[in-house]
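Worksheet: one structure, shown below.
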Amino acid sequence: SQQGEEDPQALSIQEGENATMNCSYKTSINNLQWYRQNSGRGLVHLILIRSNEREKHSGRLRVTLDTSKKSSSLLITASRAADTASYFCATVDPSGYSTLTFGKGTMLLVSP
Amino acid sequence: KAGVTQTPRYLIKTRGQQVTLSCSPISGHRSVSWYQQTPGQGLQFLFEYFSETQRNKGNFPGRFSGRQFSNSRSEMNVSTLELGDSALYLCASSSSEGVRGFFGPGTRLTVL
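Protein chains in written order, with our numbering: chain A, 8 to 119; chain B, -1 to 110.
As structure tokens, this is what we get:
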């Protein structure tokens, strides 16, 4: 069953603009991760944020986590056409396993 | 290090047949997880193996099974294939609990 729900389902922007995607989840987590998927291929890990962290940066990516609201956001700054992909959030519960529970994803289209 | 490899990349089967998919994790990774991705249900967790033991299982029928070998390579088997089993099957490996997953390119299974 899906843990997270991404919002929006689809996002279309111009190169150079910022893209913000949101994710909500339902249960306690150990960490939350964001992945990117290009056109039905494998998933590429973007960033991991632990439950005791509130914000994390990696290059043009900024992730926030609000455990009280059970939500996270992914901000991609200065988007490029190459950022066009589907983005998924995935949670890991506190059990200690590596199981990822995915949301339905946001399809991002960045136009030149 | 070489990434996660999955074989075969594409498969076409007919209803009622069975299929075996293979996943070789990154060297040194002991955890292997399998996921099914379909347009309707999104990314769903199948099972996770750690040191040859299944330690977590998703909500799939018994037709879906898997195993892990002493070299951490994993196989999943689907028996009595149904049309709804058509999907991208993704394998992920990780080095320890709760950390990021490294995904393979997936096996695209089509059931006719």
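Beta carbons: idealized from backbone N, C-alpha and C, even for Gly.
Give the straight-line distance between the Cα atoms of residue i and residue j, rounded to the nearest whole angstrom.
i	j	result
S78/A	D14/A	11 Å
S8/A	Q35/B	The predicted model places S8/A with a pLDDT of 45, which falls under 50 and marks its position as unreliable, so this point remains unresolved.
S105/A	S63/B	18 Å
T51/B	C30/A	32 Å
A0/B	C89/B	15 Å
N45/A	T71/A	23 Å
S49/B	R61/A	33 Å
G104/B	A85/B	10 Å
F45/B	V76/B	13 Å
H52/A	E12/A	18 Å
Y42/A	L116/A	16 Å
T74/A	S58/A	7 Å
S92/B	S29/B	5 Å
Q4/B	D100/A	26 Å
S19/A	T84/A	14 Å
S72/B	V109/B	22 Å
Q40/A	G102/B	17 Å
Q66/B	M28/A	36 Å
T18/B	C96/A	29 Å
Give a yes or no on whether the minimum CB-CB distance between residue i and chain B is below 8 Å.
i	result
S86/A	no
S19/A	no
H108/A	As written in the sequence, residue 108/A is Thr, which differs from the His given in the question. Yes, contact with chain B.
S8/A	Only weak support is given to the placement of S8/A: the predicted model assigns it a pLDDT of 45, under 50, and the value that follows is read from those uncertain coordinates. Judged by the 8 Å Cβ criterion, S8/A is in contact with chain B.
G112/A	yes
Closer than 7 Å by beta-carbon distance: list the chain B residues that pair up with residue i, in chain order.
i	result
L50/A	L88 and F101
G47/A	L86
Q40/A	R98
Run through chain A and tell me which residues come within less than 9 Å of residue i, C-beta to C-beta.
i	result
N75/B	Chain A residues near N75/B: none, gap ~20 Å exceeds 9 Å.
Chain A partners of residue i, CB-CB under 7 Å?
i	result
L41/B	F95 and F109
R13/B	Near R13/B there are no residues of chain A at all, since even the closest Cβ is about 23 Å away, more than 7 Å.
S29/B	S105
State yes or no: is the beta carbon of residue i nearer than 8 Å to at least one beta carbon in chain A?
i	result
R98/B	yes
G104/B	yes
R53/B	yes
S92/B	yes
Quick one: list the residues of chain A neighbouring residue i, beta-carbon separation under 8 Å, in chain order.
i	result
E46/B	Y104, S105 and T106
Using a C-beta to C-beta distance shorter than 8 Å, which residues of chain B count as neighbours of residue i?
i	result
L55/A	V97 and R98
Just checking my contact of residue i with residue j at CB under 8 Å: how many whole Å lie between their CB atoms?
i	j	result
L81/B	K11/B	Actually they are not in contact, since the Cβ atoms of L81/B and K11/B sit about 10 Å apart, beyond 8 Å.
Could you tell me which whole alpha helix (DSSP H) segments of length 4 or greater appear in the region 26 to 62 of chain B? Inside the region 26 to 62 of chain B, DSSP marks no whole alpha helix (DSSP H) run of 4 or more residues.
Within the region 46 to 78 of chain A, note down every full beta strand (DSSP E) run reaching 3 residues or more, in order along the chain. 50 to 57, 62 to 65 and 68 to 73
Continuous beta strand (DSSP E) assignments of at least 3 residues falling wholly in the region 12 to 42 of chain A: 12 to 14, 17 to 21 and 26 to 31
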